[in-house]
Amino acid sequence: MTRMRTVDAAVLILEKEGATEAFGLPGAAINPFYSAMRAHGGIRHTLARHVEGASHMADGYSRSADGNIGVCIGTSGPAGTDMITGLYAAWADSVPILCITGQAPVAKLHKEDFQAVDIETIASSLTKMAMTVLEPAQVPGAFQKAFQLMRSGRPGPVLLDLPIDVQLAEIEFDIDTYEPLPVVKPAASRKQAAKALDLLSASARPLIVAGGGVINAGASAQLVELAELLGVPVVPTLMGWGAIADDHPLSAGMVGLQTSHRYGNETMLASDFVIGIGNRWANRHTGGLDTYTKGRTFVHIDIEPTQIGRVFAPDYSIVSDAGAALDAMIAVARERATAGALPDYGTWADECRARKASLQRKTHFENVPIKPQRVYEEMNLAFGADTTYVTTIGLSQIAGAQMLHVFGPRKWINAGQAGPLGWTGPAALGVVRAKPGETVVALSGDYDFQFMIEELAVGAQFNLPYLHVVVNNSYLGLIRQAQRGFEMDFHVSLAFDNINSPHVEGSTANGYGVDHVKVAEGLGCKAVRVERPEDLAAAFAEARSLMAEHRVPVVVEVILERVTNISMGVEIDGVNEFEELAASPDDAPTAILSLAKV
Numbered sequence: 002m003t004r005m006r007t008v009d010a011a012v013l014i015l016e017k018e019g020a021t022e023a024f025g026l027p028g029a030a031i032n033p034f035y036s037a038m039r040a041h042g043g044i045r046h047t048l049a050r051h052v053e054g055a056s057h058m059a060d061g062y063s064r065s066a067d068g069n070i071g072v073c074i075g076t077s078g079p080a081g082t083d084m085i086t087g088l089y090a091a092w093a094d095s096v097p098i099l100c101i102t103g104q105a106p107v108a109k110l111h112k113e114d115f116q117a118v119d120i121e122t123i124a125s126s127l128t129k130m131a132m133t134v135l136e137p138a139q140v141p142g143a144f145q146k147a148f149q150l151m152r153s154g155r156p157g158p159v160l161l162d163l164p165i166d167v168q169l170a171e172i173e174f175d176i177d178t179y180e181p182l183p184v185v186k187p188a189a190s191r192k193q194a195a196k197a198l199d200l201l202s203a204s205a206r207p208l209i210v211a212g213g214g215v216i217n218a219g220a221s222a223q224l225v226e227l228a229e230l231l232g233v234p235v236v237p238t239l240m241g242w243g244a245i246a247d248d249h250p251l252s253a254g255m256v257g258l259q260t261s262h263r264y265g266n267e268t269m270l271a272s273d274f275v276i277g278i279g280n281r282w283a284n285r286h287t288g289g290l291d292t293y294t295k296g297r298t299f300v301h302i303d304i305e306p307t308q309i310g311r312v313f314a315p316d317y318s319i320v321s322d323a324g325a326a327l328d329a330m331i332a333v334a335r336e337r338a339t340a341g342a343l344p345d346y347g348t349w350a351d352e353c354r355a356r357k358a359s360l361q362r363k364t365h366f367e368n369v370p371i372k373p374q375r376v377y378e379e380m381n382l383a384f385g386a387d388t389t390y391v392t393t394i395g396l397s398q399i400a401g402a403q404m405l406h407v408f409g410p411r412k413w414i415n416a417g418q419a420g421p422l423g424w425t426g427p428a429a430l431g432v433v434r435a436k437p438g439e440t441v442v443a444l445s446g447d448y449d450f451q452f453m454i455e456e457l458a459v460g461a462q463f464n465l466p467y468l469h470v471v472v473n474n475s476y477l478g479l480i481r482q483a484q485r486g487f488e489m490d491f492h493v494s495l496a497f498d499n500i501n502s503p504h505v506e507g508s509t510a511n512g513y514g515v516d517h518v519k520v521a522e523g524l525g526c527k528a529v530r531v532e533r534p535e536d537l538a539a540a541f542a543e544a545r546s547l548m549a550e551h552r553v554p555v556v557v558e559v560i561l562e563r564v565t566n567i568s569m570g571v572e573i574d575g576v577n578e579f580e581e582l583a584a585s586p587d588d589a590p591t592a593i594l595s596l597a598k599v
């Protein structure tokens, strides 16, 4: 056995568990842990400008590849409370991140000592485990349990709080014989898989709804294999987008009130059977349950038992890891295919493709100021199938999901349920850490971009290049659109005359307030402003060149029209289309299927 400080043991465990990417800020109460990282040398640390930003970086890193667990580190008190939004975003979307905080000495915890907040209690409802470790000898076990919990069942975050005297205490520890605890995941039985396929085979117009659990399980290939075996179209949820490539013949589009496709909603309404795999039946996907469920049989497969029946009661359910369930169904489906016992859904699949080729929204607008739809059209042209998009909430996210294309798992990195403003930029930095050399494109409205804009400096300092598209209408666009029902436009405008950015004759950016180009450049990055739609392609090309040359984030700010209403509604059969619909191929030139051509 070797005698060492608890923090030295903890860092050795991080290495052995494969969690060697950390984001954070040092401070007095966590400095012992930082000294252990420095002595070890095998944990790469990225210094954030804000601890919330560091938690989103860890989140982005975890979402970027199968098995990744990002680590966020901060000192006592406000560092932990700053992490709460990051924990919420990870918890809501089933993402494993490990947050480590410093703490006052054990003897001071009930004495209102400086920055001695009860972070264990604060974080407990947003984590799989939140623990203030009071005994030095518990440190190895706490870290061991943390990794088991993050990987078992429905993934999620953990917070470990380390009092400074616990960090400095010495214990006996042998890393050579340390072993990770077994990961526990429920698996569908053959009998359950057969029952689910029996119900599917009894239908005429079945759909597979693929949720984020498919991507979390690393099971996208199995999803596509099952869909192809059965010939059944697939509807990805927002969190499952990319589990099947948008250009796959069986990709039927997304369903919902906001981040959805016209053809996806119509296909859902035409279906008579739905098997949901690794999904939550989120309200932005379903809308009103009476409309969503009427006339359809439902099977629900999820790794978390308490998720079954949470939103509505399915006709049949299976508690299983998505990958295990898909493997079991594939085995049964292969046998039935060999025996000629699978229905032929070719006609139904053709009908779905016909809707995909005809029910499209117009993207090719030539207006000045620029309409947002044109931005996404040009992004489709500028960025290839290897692109990873990163975004959170807002009209930018909603319109992007309606019009962009995603061609593989973990190429749409999105804070889906929590949707915190400011998440996009720091999360993108975490994605770049996880995907060095790959094309990472972030998408923000101006308000999301401003929330944690200081984190751009992290990308400049550590040479983490990505392209950040900022669609700027100087408005809280989604909130403004929601205020229409109250007949108001109240405190949602961000416009003002910026005394440091003089009026330029003919510029559409006059009066838009914050000069994002100047701010980005002041933080060590590069930026390009676009005011005319015909200049978008050149701006994206210039941005990629600047990224390659300077190895820093590059902002492309697009000056939009002030008011745009993006398609949305309260029922999947009642989505309001505020703009023109595509009437010819030229109206939607980057659609997956050319208009009216299957």
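Using the numbering used here, read the sequence shown as starting at 2 and increasing by one per residue.
Note that CB positions come from ideal geometry on N, CA and C, so glycine has one too.
Using 7 angstroms as the threshold, is the C-beta distance between residue 443 and residue 525 below it? No, Cβ-Cβ distance for residue 443 and residue 525 is not below 7 angstroms.
request  = Would you check if the distance between the CB atom of residue 72 and the CB atom of residue 20 is smaller than 7 angstroms?
outcome  = With a cutoff of 7 angstroms on beta-carbon distance, residue 72 and residue 20 are scored as near each other.
Q.
Considering only the alpha carbon of each residue, which of 199, 484, 470, 596 lies closest to residue 537?
A. Of the candidates 199, 484, 470, 596, the one whose C-alpha sits nearest the C-alpha of residue 537 is 470.
| query | Looking at C-alpha atoms only, which residue of 67, 9, 55 is the closest neighbour of residue 43? | reply | Minimum Cα distance to residue 43 is reached at 9.
Notebook entry, point to check: So, is residue 295 buried or exposed, given that buried needs 16 or more other C-beta atoms within 10 angstroms?
Noted result: Counting the other Cβ atoms within 10 Å of the Cβ of residue 295 gives fewer than 16, which makes it exposed.
- Who are the Cβ neighbours of residue 578 in its own chain at under 6 angstroms, not counting the five residues just before and after it? The residues are 568.
(Q) Give the list of continuous beta strand (DSSP E) stretches no shorter than 3 residues that lie fully inside the region 512 to 538. (A) As far as the region 512 to 538 is concerned, its whole beta strand (DSSP E) runs of at least 3 residues are 527 to 531.
- Message: Within the continuous beta strand (DSSP E) that includes residue 104, where are the two ends?
- Response: 98 to 104 is the span of the beta strand (DSSP E), which, as asked, contains residue 104.
Legend entry - residue 527 versus residue 518 - alpha carbon distance: Straight-line Cα distance between these residues: approximately 8 angstroms.
- Considering only residues of the same chain and omitting the five flanking positions on each side of residue 1, which have a CB-CB separation below 6 angstroms? Nothing can be reported for residue 1: it is not among the residues displayed for the chain, which extend from 2 to 599.
Cβ contact check for the region 274 to 289 and the region 422 to 430: 3 or more pairs under 8 angstroms:
In this structure the region 274 to 289 does not lie against the region 422 to 430, because fewer than three pairs of beta carbons, one per stretch, are closer than 8 angstroms.
Check: Roughly how many angstroms separate the alpha carbons of residue 88 and residue 124, rounded to a whole number?
Finding: Their Cα atoms are separated by approximately 8 angstroms.
Does the separation of the CB atoms of residue 208 and residue 234 fall below 7 angstroms? At the C-beta level, residue 208 and residue 234 come within 7 angstroms of one another.
Margin query: Considering only their Cβ atoms, is the gap separating residue 241 from residue 219 smaller than 7 angstroms?
Written below: No; because the gap between Cβ atoms is not below 7 angstroms, this pair is not in contact.
Practice item. Give me the Cβ distance between residue 80 and residue 26, rounded to the nearest whole Å; I'm assuming they're in contact under 8 angstroms. Key: Between the beta-carbon of residue 80 and that of residue 26 there is about 7 angstroms, and that keeps the pair under the 8 angstroms contact cut.
So, at 8 angstroms on beta carbons, what are the nonlocal neighbours of residue 363 in its own chain, with the 5 sequence-adjacent residues on each side left out?
Only residues of its own chain outside the window of five on either side were considered, and among them 374, 580, 581, 582, 583, 584, 588, 589 have a CB closer than 8 angstroms to the CB of residue 363, listed in chain order.
Check your understanding: Per the contact definition of three or more C-beta pairs closer than 8 angstroms, is the region 252 to 266 in contact with the region 152 to 167?
Key -> Fewer than three Cβ pairs drawn from the region 152 to 167 and the region 252 to 266 lie within less than 8 angstroms of each other, which leaves the two stretches out of contact.
Spell out a yes or no on whether the region 460 to 480 and the region 548 to 561 are touching, meaning 3 or more CB-CB pairs, one atom from each, closer than 8 angstroms.
Touching, yes.
query: So, do the region 244 to 254 and the region 530 to 545 have three or more beta carbon pairs nearer to each other than 8 angstroms?
result: With the rule of 3 Cβ pairs closer than 8 angstroms, the region 244 to 254 does not count as touching the region 530 to 545.
Report task. Please work out which residues of its chain come closer than 6 angstroms, Cβ to Cβ, to residue 176, disregarding the five sequence neighbours upstream and downstream, and give them in chain order. Result -> 13, listed in sequence order.
Report task. Return the first residue and the last residue of the alpha helix (DSSP H) that residue 427 is part of. Result -> That run of the alpha helix (DSSP H) goes 425 to 435.
(Q) Less than 7 angstroms between the beta carbons of residue 211 and residue 244, yes or no? (A) Taking 7 angstroms as the Cβ cut-off, residue 211 and residue 244 qualify as a contacting pair.
Margin query: Taking a contact to mean a Cβ-Cβ separation below 7 angstroms, would you say residue 46 touches residue 23 in this structure?
Written below: In this structure, residue 46 places its C-beta atom within 7 angstroms of the C-beta atom of residue 23.
What is the rounded straight-line gap between the Cα of residue 198 and the Cα of residue 389?
Inter-residue distance for residue 198 and residue 389 is about 34 angstroms (C-alpha atoms, whole angstroms).
| request: Use the C-beta contact count for residue 357: other C-beta atoms within 10 angstroms, 16 or more gives buried, fewer gives exposed. | output: With 16 or more Cβ atoms within 10 Å of its Cβ, residue 357 is classed as buried.
field: Whole-number beta carbon distance between residue 162 and residue 120, since they are thought to touch under 8 angstroms
entry: Indeed they touch by this definition, with Cβ atoms about 5 angstroms apart.
Review point. Three-state secondary structure (DSSP) at residue 599?
Key: Bear in mind that a pLDDT of 45 at residue 599, under 50, signals an unreliable position, so the model cannot answer this.
Original post:
What are the partner residues of residue 413, as DSSP defines its beta bridges?
Top reply: 390, per the DSSP bridge assignment.
Taking the CB atoms as reference points, tell me whether residue 76 and residue 30 lie closer together than 7 angstroms.
-> For residue 76 and residue 30, yes; Cβs fall inside 7 angstroms.
Using the C-alpha atoms, what's the distance from residue 325 back to residue 352? Whole-angstrom Cα-Cα distance: 30 angstroms.
Open item on the list: Let's test the definition: count the other Cβ atoms within 10 Å of the Cβ of residue 138 and tell me whether it reaches 16, buried, or not, exposed.
Closed with: Exposed: under 16 other Cβ atoms inside 10 Å.
field: Pick from 37, 110, 150, 548 that is closest to residue 7, judged by C-alpha positions
entry: The shortest Cα separation from residue 7 among 37, 110, 150, 548 belongs to 37.
Open item on the list: Quick check on this structure: which residue in 231, 166, 115 has the alpha carbon closest to the alpha carbon of residue 345?
Closed with: When only C-alpha atoms are compared, the closest one is 231.
Exercise. By the 10 Å Cβ neighbour count, where 16 or more other Cβ atoms means buried, how is residue 222 classified, buried or exposed?
Worked result: With fewer than 16 other Cβ atoms within 10 Å, it is exposed.
Assign residue 1 to one of two classes, buried (16 or more other C-beta atoms within 10 Å of its C-beta) or exposed (fewer than that). Since the first and last residues shown for the chain are 2 and 599, residue 1 lies out of range.
Inset, instruction - Using 10 angstroms around the beta-carbon of residue 489, count the other beta-carbons present and answer buried if the total reaches 16, otherwise exposed. - result: When all chains shown are included, residue 489 counts as exposed.
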